[in-house]
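Start counting the sequence shown at 1; every next residue gets the next number (UniProt numbering). Using N, Cα and C, we set each Cβ at its ideal position, and we do this for glycine too. Data block below; observations after.
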Amino acid sequence: MKAPSPVLERTDRGIARGSRPWAKAPTPSTKPAKAITTNVLCFAIAAVLFALPLVYMLLQAFKTYTGFLQNPTGMPDPWTVESFSTAWRQGDFGRQMINSLVYAVIPDTITLILGVFLAFPISRGYFKRSNALYTFFIFSGFLPGGLIPLFIEARTLHLYNSMAGYLILTSLSGAGFFFFVGYIKGIPREIDEAAALDGCGYVRFIFTIIMPQMKPALATFAVFGFVHAWNNLILPLVMLSDAALWPVTRGLYSFFGEYTQNWPLIAAGTFIVAAPILLLFVLLQRHLVEGVAGGAAFGAQGVTAAPTGVAKTGQGEGS
């Protein structure tokens, strides 16, 4: 029998004892200090790029129109809130805020619910050729929206210049579907089997078991969908001709004149329009990173077919 190699003996002894005698002793690292410096630098750059324009806009809103013309980059002198009251009254923001909330909340809620109901069976592989269907939905998300065909469709179906019609047109988007599929992949299949054995119906299973475990992902794309709907300007310009149906973005657009612009008034109106979005980010910021990271971690994986012999959720009696 061949004698064991000294190197192997040495390795085996090192592993058995939990040490490597020939390895160099660890040296003190300066990575934590460098990481802190890098984080501070990135925070300072982000503050300059993102926070400074907001601060500048807010300062302009407290100026008079004459004060802005005399010193457009300086501090307000005198300070006044007249632009805010004028913007609220001239833009009719009281009614338009309600319209924008309706246009943002209802389509966002419908889109999220439909996205979960569509993403769950595809992520579990309950459909034949789930990978091909998944690829089709992802590819369709990169196609541009056809505004002219959408306008013709709205006129043909009598959805033009109608709040209900506008809600129908904006409630069938697939925002977040890719991340929902990835997020559901991280939920164990054993939950599906246990729910099926207990007689839990499909609809009840989605609302009471799957959705509570998807709170970070749902909160993340609820924010994204809300911001997209709240800031939408082109579609209301095309689809809503009645001023009583306008959202806040359409009312803010009316502040821009053909020859002159009252920039303090525009700054005050812009801050009024942006305030609900800023408040939403503050309330849900802790869910944003977690939701995106959870979906992206599994989003690149293929859809796996359901194991043979596993009972699919929804075959129970209850719902």
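Looking only at V102, S123, I110, the smallest Cα-Cα distance to P188 is reached by S123. Runs of alpha helix (DSSP H) with 4 or more residues, each lying fully within the region 118-157, are found at 130-140, 147-156, listed in chain order. Around A268, the same chain offers A61, S83, F84, A87 as residues with beta carbons nearer than 6 Å, after the five sequence neighbours per side are excluded. M239: member of the alpha helix (DSSP H) spanning 234-239, first to last residue.
At a Cβ-Cβ threshold of 9 Å, F281 and V223 count as neighbours. About 6 Å separates the beta carbon of L240 from that of Y166, a gap short enough to meet the 8 Å contact definition. In this structure, W230 and S100 form a Cβ contact; the two beta carbons are roughly 6 Å apart against a cut-off of 8 Å. M75 sits exposed, since fewer than 16 C-beta atoms from the chains shown fall within 10 Å of its C-beta.
Counting along the chain, A164 sits inside the alpha helix (DSSP H) bounded by residues 163-170. In chain order, G115, L118, A119, F137 place their CB closer than 7 Å to the CB of F177, counting only its own chain and leaving out the 5 sequence neighbours on each side. DSSP, reduced to helix, strand and coil, places T80 outside both helices and strands of the structure shown, so it counts as coil.
Straight through space, the alpha carbons of I168 and L159 are spaced by roughly 8 Å. It is roughly 19 Å from the alpha-carbon of N39 to the alpha-carbon of L52. Judged by beta-carbon spacing, S254 lies within the 9 Å limit of G91, meaning their Cβ atoms are closer than that value.
If you draw a straight line from the Cα of G186 to the Cα of M214, it comes to about 10 Å.
Cβ neighbours of V81 within its own chain (closer than 8 Å, five residues either side excluded): F62. Unbroken alpha helix (DSSP H) runs of no fewer than 4 residues, entirely contained in the region 35-84, are found at 52-61, 65-70, following chain order.
The beta-carbon separation of A219 and I209, rounded to 18 Å, does not stay under the 8 Å limit for a contact. Non-local C-beta neighbours of R95 in its own chain, meaning closer than 8 Å and more than five positions away in sequence, comprise A244, ordered along the chain.
In the structure shown, W246 adopts coil according to DSSP, grouped into three states. In this chain, I206 is not harboured by any alpha helix (DSSP H), its DSSP state being neither H nor E. Burial is judged here by how many other beta carbons sit within 10 angstroms of a residue's own beta carbon; T156 has fewer than 16 and is exposed.
Here DSSP, grouped into helix, strand and coil, assigns I187 to coil. The C-alpha of V227 lies about 7 Å from the C-alpha of I277. Membership of F221 in the alpha helix (DSSP H) is indicated by the continuous run 215-230. Our two residues, D108 and L150, have alpha carbons roughly 19 Å apart in a direct line.
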